[in-house]
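Student: Supplied in structure tokens, the structure appears directly below.
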Amino acid sequence: MSIGENIKKKREKIGVSQKTLAEALGIAENTVASWEKGKNIPPSDKAIDMARFFKCSTDEILLEESEREVVDEMKALFRRFSDLPDYVKPMARNIISGMLSSLELEDYFRDLGGPRR
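Residue numbering for the sequence shown is 107 to 223, as defined by my numbering.
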């Protein structure tokens, strides 16, 4: 779902008009309409205001559902990482960094047509 579709869905879910949302955000009604049609995207301050108005996160407005799932998964991983004892964190960072470097090299060689022998 696009940003505009997310806004429209949130607005319709709570049963408010474009005019009501526009008034709450201090903008013109046609601005909301242009966001919902995908002609423009809201600036960050208005995305934050909408999140407050809809009582949701800015992610729910700005991201596709599949992107939000990744964000939630990453939040869970960061939470788990922050719960690690401090003496383990450098080792965990090195392991993660090494794995990512390995994957990047694998992609690099794949793009070259495979490793040369």
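All C-beta atoms in this analysis are idealised placements derived from N, C-alpha and C, irrespective of residue type, glycine included.
Based on Cα-Cα distance, which residue from Ser-208, Ala-153, Asp-213 lies nearest to Ala-130?
Tutor: Position 24 of the sequence shown, counting from 1, holds the residue named residue 130. Checked all of Ser-208, Ala-153, Asp-213; the closest Cα to Ala-130 is Ala-153.
Student: Go ahead and pull the three-state DSSP assignment for Pro-196.
Tutor: Within the sequence shown, numbered from 1, the residue matching residue 196 stands at position 90. Pro-196 falls in the helix class under three-state DSSP.
Student: If I measure Cβ to Cβ from Ile-147 and keep anything under 6 Å in the same chain, skipping five residues before and after, which residues do I get?
Tutor: The residue you call residue 147 lines up with position 41 of the sequence shown. Same-chain partners within the cutoff: Ile-109.
Student: For Glu-135 versus Gln-124, is the C-beta spacing smaller than 8 Å?
Tutor: Numbered from its first residue, the sequence shown carries residue 135 at position 29. Numbered from its first residue, the sequence shown carries residue 124 at position 18. For Glu-135 and Gln-124, yes; Cβs fall inside 8 Å.
Student: In whole angstroms, what is the alpha-carbon distance linking Glu-118 and Ser-140?
Tutor: For the purposes of this step, residue 118 is taken as the residue at position 12 of the sequence shown. For the purposes of this step, residue 140 is taken as the residue at position 34 of the sequence shown. Using only the alpha carbons, I get a separation of about 16 Å.
Student: Less than 8 Å separating the beta-carbons of Ile-113 and Ile-167?
Tutor: Translated into positions along the sequence shown, residue 113 becomes position 7. Translated into positions along the sequence shown, residue 167 becomes position 61. In contact: Ile-113 and Ile-167 (Cβ atoms closer than 8 Å).
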